[in-house]
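Scroll down for the structure; my scribbles are underneath it.
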């Protein structure tokens, strides 16, 4: 009897895996095939057509895009983590009317759909020369990811007993030293969550990069992939190779740090 | 005395964050309200204030109506699918068997992939020539279908794609929620002769309300903001038939050079998403039970 129930579970598991693996399976097939290979998308080739990857790297500017995406993601994540942890400290420790107001404001920022303020954002940045710059896109990405970071840090700091802060204060530590010596070292697990959740969002961004990074010099991964699909539609296999290269870093990252990704996701969703 | 001073100094810690919000969100938002009352074209120095004309036009514009309906389908449709399937997956994976973590990994993996790229990958499936889905039809001797050539069909397909990609989020939220329900409740119910679906309905669902609230709100906000998949697959076409409000905003600004109108559409979208997510949260707040 017992054996029968688990057989049913394995069958269902196999079916679910099959359905959810289709997109990646198809992508790998397309990326590996030669342009001349007209076989069905369901059939994996018995070879890897390296020209696809070469074309993506050299004609599609994937190296430049990887570099830009890396700089933008690293810069944003650094600011998101640092400013988020700093802002969360007073919000978690002191409940005053002012701080409740600030918390409400931050939650409000979380609700603003990014594209609803595209017109003023674009024209303001154009006005101060912030289009096609690292600081412009990093500022925008940071501002839109920061509320989630503050939310995660605030909840976490609230769970740290205040006894240590008080002891440090009695010993003459000011708030800066209390934060740096007492709070910061305890934040490691939540820092991991913030870094990977917001890092993936910055890496995958398209809506801001598309409009705020118009110079080809600042092309990011998503922009490189999209120009590959629209310009070189005759070479769909190279476009597939570009897409595969663009998602590989985050997929590998996820496979190794899965636990943190899922914990971070759940923590950011539930109070 | 000392303590009070420290308390005020500590508030300085959130000043950098507030400055960033002011520069990149709050000031543009106020600026957006101002622009929405003008006929600015997006680049010229000259424009005039036209009062609420843009807002009146929003209610008369056929394309806005289509985009609004599509946005609701993207939002509500994805939310429904992701929560029903996500909950089923979570219940299934909550039972212990070897390899269940592999299933979780595969379901969650697409959440990592840029939605734009997911759109392009799906293009390989829905393409007319050589598309993977048409290949299957051919096996059954059916004619190929130009899947994205019909607005309402494209909207449904893109809703399905978005749901399939992000169903992992609600799944992990429900898995965490299920683990938080004490087993004694089910034991007590079993003594009273209650089990199976009845136990699910009267114990599991009510106690999952906080998880349901979070998953519904996250999926709703994500679906209502849908942008990348549409840009990858249809660019809002054919015609204006598969636009969401987000894609229509960019279309009006960059293509139609109608910045004032686009700004008004942005403010309208903000109010709509604000309204829908607040109503949803209120609704679930009332239903919440405490164990």
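Residue numbers (my numbering), protein chains in the order written: chain A, 8 to 278; chain B, 579 to 869. Glycine residues also receive a C-beta, built at the ideal position from the N, C-alpha and C atoms. Remember, it's a predicted structure, so these values are computed and weren't measured experimentally.
- Following the DSSP letters along the chain, one finds residue 675 (chain B) in no alpha helix (DSSP H), marked with neither H nor E.
- Within chain B, 827, 828, 831, 840 and 844 have C-beta atoms less than 8 angstroms from the C-beta of residue 125 (chain A), given in sequence order.
- In the three-state DSSP reduction, residue 831 (chain B) falls in the helix class (H, G or I).
- Interface residue (Cβ-Cβ distance to chain A less than 8 angstroms): residue 816 (chain B) is not classified as such.
- When secondary structure is reduced to three states using DSSP, residue 706 (chain B) falls in the coil class, being assigned neither helix nor strand.
- Linking residue 170 (chain A) to residue 103 (chain A) through their CA atoms gives a straight-line distance of about 20 angstroms.
- Counted as a single uninterrupted DSSP element, the alpha helix (DSSP H) harbouring residue 86 (chain A) occupies residues 69-100.
- Annotation: residue 180 (chain A) is outside any alpha helix (DSSP H) and is labelled neither H nor E by DSSP.
- The beta carbon of residue 592 (chain B) sits closer than 8 angstroms to some beta carbon of chain A.
- Take the alpha-carbon of residue 602 (chain B) and the one of residue 82 (chain A): they are about 16 angstroms apart.
- A straight line joining the alpha-carbon of residue 197 (chain A) with that of residue 252 (chain A) spans about 29 angstroms.
- Of the candidates A:155, A:22, A:75 and A:23, the residue whose Cα lies closest to the Cα of residue 231 (chain A) is A:75.
- Within 7 angstroms of the CB of residue 84 (chain A), no CB atom of chain B is found; the nearest one sits about 14 angstroms away.
- In this structure, the straight-line span from the alpha carbon of residue 194 (chain A) to that of residue 201 (chain A) is close to 10 angstroms.
- Between residue 824 (chain B) and chain A, the shortest Cβ-Cβ separation is below 8 angstroms.
- As DSSP reads the structure, residue 627 (chain B) sits in a beta bridge with B:616.
- If you ignore the 5 residues before and after residue 218 (chain A), its C-beta comes within less than 8 angstroms of the C-beta of 125 and 129, all in its own chain and listed in chain order.
- Listed in chain order, the non-local C-beta contacts of residue 724 (chain B) below 6 angstroms within the same chain comprise 706, local neighbours out to five positions each way being set aside.
- Taking 9 angstroms as the upper bound on Cβ-Cβ separation, chain A lies near residues 799, 802, 803, 805, 806, 809 and 810 of the segment 799-811 of chain B.
- Residue 55 (chain A) sits in coil when the DSSP states are folded into three classes, being neither helix nor strand.
- Not a single CB atom of chain A sits nearer than 8 angstroms to the CB of residue 778 (chain B).
- Residue 108 (chain A) has a beta carbon lying at 8 angstroms or more from every beta carbon in chain B.
- Taking all protein chains in view, the Cβ of residue 62 (chain A) is crowded by 16 or more other Cβ atoms within 10 Å, so the residue is classified as buried.
- In this structure, the straight-line span from the alpha carbon of residue 767 (chain B) to that of residue 784 (chain B) is close to 14 angstroms.
- In terms of beta-carbon proximity, residue 233 (chain A) lines the interface with chain B, with at least one pair separated by less than 8 angstroms.
- Taken through DSSP and simplified to helix, strand or coil, residue 784 (chain B) comes out as helix.
- Going by beta carbons, residue 96 (chain A) and residue 177 (chain A) fall outside the 8 angstroms limit.
- Following the DSSP letters along the chain, one finds residue 203 (chain A) inside the alpha helix (DSSP H) bounded by residues 195-210.
- Per DSSP, residue 49 (chain A) is not a residue of any alpha helix (DSSP H), being assigned neither H nor E.
- In the three-state DSSP reduction, residue 821 (chain B) falls in the coil class, being neither helix nor strand.
- Boundaries of the alpha helix (DSSP H) harbouring residue 848 (chain B): 837-865, taken from the DSSP string.
- Residue 22 (chain A) sits exposed, since fewer than 16 C-beta atoms from the chains shown fall within 10 Å of its C-beta.
- Here residue 588 (chain B) is near residue 182 (chain A), since their CB atoms are less than 8 angstroms apart.
- Within the segment 252-278 of chain A, those residues whose Cβ lies closer than 7 angstroms to any Cβ of chain B are, in chain order, 253, 254, 257, 258, 261, 265, 269, 272, 273, 276 and 277.
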